[in-house]
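A.B. asks:
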Amino acid sequence: MDRFDPRGRVNRALLVGVGEYEHIQPDDPEGVPGHLPAVRHNLERLEDALRRGGIFGGRKETGEREDTGGQEAVAGREDTDGQEGAGGQESGGPDAGGSAEVTVLRSPSLDQFSEALRTAAQDADGLLLCYFAGHGAVPSAGDELFLQMRNARVVAGGRAVFPGAEAFTGMLTVLAGSHAERIVVILDCCYAGNAAKVWHDFADRRRVMLLMSVQANRLIDSGDGTRATPFTEELVQLLDSGEELSFLKLFGRLRGQMVGAGRRTPLGDLWEPQFAGEPGTDVLLTAREGEPEEPIAPAPDPGQSSEEPAPSAQSSAQPPRTGPLGGPAGPGPGPGAGGPVRLLVALLAVPRARARAVIDWFVGLRTRARVVVSALLVLALAALGAGGYELVGPGGGHSCAPPLELRLLTDPDLEPTVRTAADAYLTSRANTTGQGCRRSGLTVYSAGATAAATALRRQSDAWQEPRVEDTNPQRDVGPQPDVWIPATGTDAARVTTDWTTRSYVELHPDEEPFAYSPVVLAVPQNLAGAGLDERAGLRLSGLIANLRKQDANAGVLRPDPEFTDSALLATIGLYGDTVDSRAAEQAVRPAGPPSPTAAELLCALPADRAADGRTAALVPEFLLRSGVGCARTTRVPRIAEYPVDVPALTPTFVRVRWEGGDWDAAARDDAVDRFRTWLTGEEGLAAFAAAGFRSATESGHRLLDGDHVGVGVLRGPSPLPGAARRTAMEEALTRYRSAHGPGRVLYLLDSSGSMSTRWPGPSGGPGILKQSLGGLGAQDDYGVWAVYGTSGDRSHQELLPFGHHRRADAEHVVDAEARVRDAEADPHAALLAALDDMAGRGTDDQRPQLIVYITDDEDGNRLTGKNLDEVLARARKAKVPVDMVSLISGSCDRGRPDARIAEASGGRCLDAGDDPGRGLRDEVARVGTGEH
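Residue numbers (the numbering used here): 71 to 1002.
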């Protein structure tokens, strides 16, 4: 066990609590759910406990609390722009014992948080502790956690839906740049457990240990506001107990207390704090002089099983390895103290956490009392015999073992409906034993349809054990699924046909789909065909021609065909018999990046009332009932028109089995079979009926819920198309990619000195660049400039000359040549040079082009005033899209230079709140031909 003792080192604690928000629902539709008054108590209690704990120094009493007009202050401490630093911002050395070792941020903005995080990371060389309490949010895939600061909003219609929030990946990137020996992150927010997957995917995680208030994909109760939140209340009580505690010991006690108290999440399952950390790693959090250390056993390995690579109710929820009944490994109570208790607990099958509480209570008794209780317990056991467990078991005398967790991967368009069905299954009779225990849990997540199919087809080995940064399905798709529900059963055929490499996965699809929904052209009501013959029975090209007869300026939009199957199916009809797929793509090209999903497309349209009234959308029919809740009062009513040459959505149940994942195969197969039987039966299909789906098996595909029909939907359109052919989907995807390339991409990589903390790992500048190279193929041209220097023409250095490159060769050059320079950067000069260079390359053809600038924006003072105006004017003239990729949050907020440059050029702005690695891969893939 490597337990680090930080005493005598420079330790820092950053306590962040966001209790007040600027944007609150329902007054602001883009706001967070509400204020969190309990967070104020969290900060006060936790700060006091840490200062008394012997690691961060004792409190210097400098005065009494004063009334400051509604704000709290302590004499000798100051609050500046939401940041409270005890004793000012003075740094305390190892002997300072000083108040400056703890910094408290009360409801900071994102910028204030980012600055304080960098400062704490730079100062610490011993223990760095970061605590966050506030609202947490996750994207639909659940693959990132966003910590929402005071100015946070939730904006629908794009992938950057959480402005004003810090992506946990970005936070880990900053922490990884610290010289601290150990880094502890404590999260008290909804979805805190989703951070475990981010940690697992993060390359430089060795020093980082996470304590998360709840398991993944769960909301939590913040309390009534009169005291600390439930999780932090328990945390502070342990830290203030007067006992010497390490991180692992704290986690075991904390989880035991919360589970033992029977706390529940809003879903009704046990509220279980989570842990993530490298095996054998620990750190002392509170120290008491003269108290002997208690040995702590190694921690669990969150990634120890290929069947459990990412957060689930079992993989990251397990406490550190303990003795037989939940007590710490090593010396226990003296003779006569623990024996009867341990025997009783074993026979009664009490959960480990409760056993720990019983043992702690028992050991705390006086010696004479322990003897008396031991005798009574032995007598009780003799009298009770085998029925003794009924004394302590919940639910009529039975303790429930943790349910087997199933992982379900689905298409992004289907995820809300599948999640609703899964939630209903969790509490259904089919998933409940005779003793009232849950049989299995379900983690539902989605990923880009093409990425999921590619990972199952070609990357199953890397999915089990990622070996290189750029091929990591655990990061790009999610955990290995037990169940896959693609939007069309044809996807399973695409995966299993012509496997090009050895596969470590087996797919077992059902023979028939269990639901059906046609892809329709959702036309503004005033532009729709009047008769049934104008709404059904025509090819997509005919429906679009009729639309433009009504309004010559009418447009058609479609989501991203790489991201969701409904868009790829629409693309089959869009191309039809034409040989010019590039012209077809121009007819549906959006002003910016395409909406990832059909639901996001429908939600984005009402933002521009005029465009909404003249734009038709290619979306699944079911969304005209269940996908129009956003902007309900302002959206234009739409009428469904049914193209005969666009294949339909046919969701299909696919069992996924993994090589080497058979240690619990029988139990897992049983759990999957139970869920399949329920989902495809009446109870499971109720969720799909409510969402607007049709029967998959009955002739004519009747609506599953004929009593509630979506606006503009026909009850019995005829004819309706069948499922897609495998070759049609493959051909449409190939043509779609070809229509966007071969392309030209010029990368500008900020190499100035300030990039040093944002350089290493997959989320650093070079890592993000290398990930995006997967969107480029052998026919694409690209090059890389290192941007540094401020003297005249010396604004950049060519690292990779412009031309064709093998990906491996390009990555080798970046690894070998790209490095941080002891210099500032001039983004103004570099962008002007890049725009001129690319404008000159595109004079003789129509090949797509792109400039990518990856930066930390530290030299943004050179992109203001006349300099910015000059770049904006050149960008509009050159007509070359510029993707601005910032490694800090907030750079893409409206009006910021990065956002303005991207808008003026027709490019895209990505910052740390947008998952820039994934976003840039998507952007480059639209220009390049990809690796095929």
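Just so you know, even glycine gets a beta-carbon here, dropped at the ideal spot from N, CA and C.
1) Inspect the CB distances between the stretch 335-342 and the stretch 287-297 and report whether three or more fall short of 8 angstroms.
2) Within 10 angstroms of the Cβ of Val86, are there 16 or more other Cβ atoms? Answer buried if so, exposed if not.
3) Quick one, which of Arg277, Ala262, Trp269 has its alpha-carbon nearest His249's?
4) Under a three-way DSSP split, which group does Ile94 fall into?
5) Name the residue from Asp739, Val724, Gly976, Ser956 whose alpha carbon lies nearest to the alpha carbon of Arg509.
6) Helix or strand or just coil, what does DSSP make of Gln505?
7) Identify whether Gln285 lies in helix, strand or coil by the three-state DSSP scheme.
8) By a C-beta neighbour count over all protein chains shown, 10 Å radius and 16 as the cutoff for buried, is Val415 buried or exposed?
9) Should Trp733 be labelled buried (16 or more other beta-carbon atoms within 10 Å of its own) or exposed?
10) Taking a contact to mean a Cβ-Cβ separation below 7 angstroms, would you say Ala904 touches Ile924 in this structure?
11) In chain order, what residues of the same chain have a beta carbon less than 8 angstroms from the beta carbon of Pro556, not counting five sequence neighbours either side?
12) Using a Cβ-Cβ cut-off of 7 angstroms (strictly less than) and excluding sequence neighbours within five positions of Met219, which residues of its own chain qualify?
13) Which same chain residues, not among the five before or five after Arg695, have their C-beta less than 6 angstroms away from its C-beta?
14) Which value, in whole angstroms, describes the spacing of the CA atoms of Arg785 and Leu774?
15) In the DSSP assignment, the alpha helix (DSSP H) including Arg297 goes from what residue to what residue?
16) In whole angstroms, what is the alpha-carbon distance linking Met282 and Val950?
17) I'd like to know if the stretch 852-872 and the stretch 882-897 are in contact, where contact means that at least 3 CB-CB pairs between them fall below 8 angstroms.
18) I think Met799 touches Arg564, with their Cβ atoms under 8 angstroms apart; what is that distance to the nearest whole Å?
19) Roughly how far, in whole angstroms, is the beta-carbon of Pro787 from the beta-carbon of Tyr852, given that I think they are within contact range, below 8 angstroms?
20) Alpha carbons only, please: which of Glu342, Ala972, Arg964, Leu688 is nearest the one belonging to Cys259?
21) Could you give the residue range of the alpha helix (DSSP H) that holds Val590?
22) Could you pull out every unbroken alpha helix (DSSP H) segment of at least 4 residues lying fully inside the stretch 562-634, listed in chain order?
23) So is Pro96 buried or exposed if we call it buried at 16+ other beta carbons inside 10 Å?
24) Three Cβ pairs or more, each shorter than 8 angstroms: is that satisfied between the stretch 620-638 and the stretch 646-660?
25) Alpha carbon to alpha carbon, what distance is there between Arg176 and Arg147?
26) Measure the alpha-carbon distance for Tyr91 versus Ala654 and round it to whole angstroms.
27) Which residues does DSSP list as the beta-bridge partners of Met279?
28) With a CB to CB cut of under 6 angstroms and the five nearest residues on each side skipped, what residues in its chain are close to Glu729?
29) Of the residues Glu348, Gly697, His205, which one's Cα is nearest the Cα of Asp271?
30) Given this structure, state the Cα-to-Cα distance separating Thr487 from Ala766, to the nearest angstrom.
31) Tell me which same chain residues have a C-beta within less than 6 angstroms of the C-beta of Leu938, skipping the five on either side of it?
32) Excluding five sequence neighbours on each side, which residues of the same chain lie with their C-beta closer than 8 angstroms to the C-beta of Ala456?
33) Give me the Cα-Cα distance between Arg891 and Phe238, rounded to the nearest whole angstrom.
34) Quick check: the Cα distance between Glu185 and Ala191, rounded to an integer number of angstroms?
35) Quick one: residues in its chain with C-beta nearer than 7 angstroms to the C-beta of Phe317, no 5 flanking neighbours on either side, listed in chain order?
36) Under DSSP, the alpha helix (DSSP H) around Gln182 begins and ends at which residues?
C.D. replies: The short version:
1) The answer is yes - the stretch 287-297 touches the stretch 335-342, with three or more Cβ pairs under 8 angstroms.
2) Answer is buried; the Cβ neighbour count reaches 16.
3) Among Arg277, Ala262, Trp269, the Cα nearest to that of His249 is on Arg277.
4) Strand.
5) In this structure, Asp739 is the residue among Asp739, Val724, Gly976, Ser956 with its C-alpha nearest to the C-alpha of Arg509.
6) Residue state, collapsed to three classes: coil.
7) Here Gln285 sits in coil by DSSP.
8) Confidence in Val415 is poor, its pLDDT being 35 and thus under 50, which makes the residue's placement too unreliable to answer from.
9) Exposed is the call here.
10) Result no, Cβ atoms of Ala904 and Ile924 do not sit closer than 7 angstroms.
11) Correct list, in chain order: Thr480, Asp481, Ala519, Ala522, Ala523, Ala562, Asp635, Pro721, Thr722, Val724.
12) Taken in chain order, the residues that qualify are Val88, Pro178, Ser179, Leu180, Phe183, Gly234, Ala235, Glu236.
13) Cβ neighbours of Arg695 beyond the five flanking positions: Gly762, Gly780.
14) Rounded to the nearest whole angstrom, the C-alpha separation of Arg785 and Leu774 is 10 angstroms.
15) Counting along the chain, no alpha helix (DSSP H) covers Arg297, and no H or E run does either.
16) Approximately 44 angstroms, taken between the alpha carbons.
17) Between the stretch 852-872 and the stretch 882-897 there are three or more C-beta pairs closer than 8 angstroms, enough to call the two in contact.
18) Contact holds; Cβ gap of about 6 angstroms.
19) With a Cβ gap of about 46 angstroms, Pro787 and Tyr852 do not count as contacting.
20) For Cys259, the closest alpha carbon among the candidates Glu342, Ala972, Arg964, Leu688 is that of Glu342.
21) Val590 -> not in any alpha helix (DSSP H); beta strand (DSSP E) instead, spanning 589-594.
22) With a minimum length of 4 residues, the continuous alpha helix (DSSP H) runs that stay inside the stretch 562-634 are 610-620.
23) Around the C-beta of Pro96, fewer than 16 other C-beta atoms lie within 10 Å, and the residue is accordingly described as exposed.
24) Segment contact: the stretch 620-638 against the stretch 646-660, three or more CB-CB distances shorter than 8 angstroms; contact assigned.
25) Low confidence applies here, because Arg147 scores a pLDDT of 34, under 50, leaving its location unreliable; read the following figure in that light. Answer to the nearest angstrom: the Cα atoms are 14 angstroms apart.
26) Approximately 45 angstroms between the Cα atoms of the pair.
27) Under DSSP, Met279 takes part in a beta bridge, and its partners are Val254.
28) Hits under 6 angstroms: Tyr574.
29) For Asp271, the closest C-alpha among the options Glu348, Gly697, His205 is that of Glu348.
30) The alpha-carbon atoms of Thr487 and Ala766 are separated by roughly 16 angstroms.
31) Only Pro967 meet the Cβ criterion.
32) Summary for Ala456: the model assigns pLDDT 31, below 50, so the residue's position carries little reliability, and this model does not support an answer.
33) C-alpha separation (whole angstroms): 27 angstroms.
34) Within the model, the alpha-carbon separation for Glu185 versus Ala191 is close to 10 angstroms.
35) Cβ neighbours of Phe317 beyond the five flanking positions: Val254, Met279, Asp352, Val353, Leu355.
36) In the DSSP assignment, Gln182 falls within the unbroken alpha helix (DSSP H) covering 180-193.
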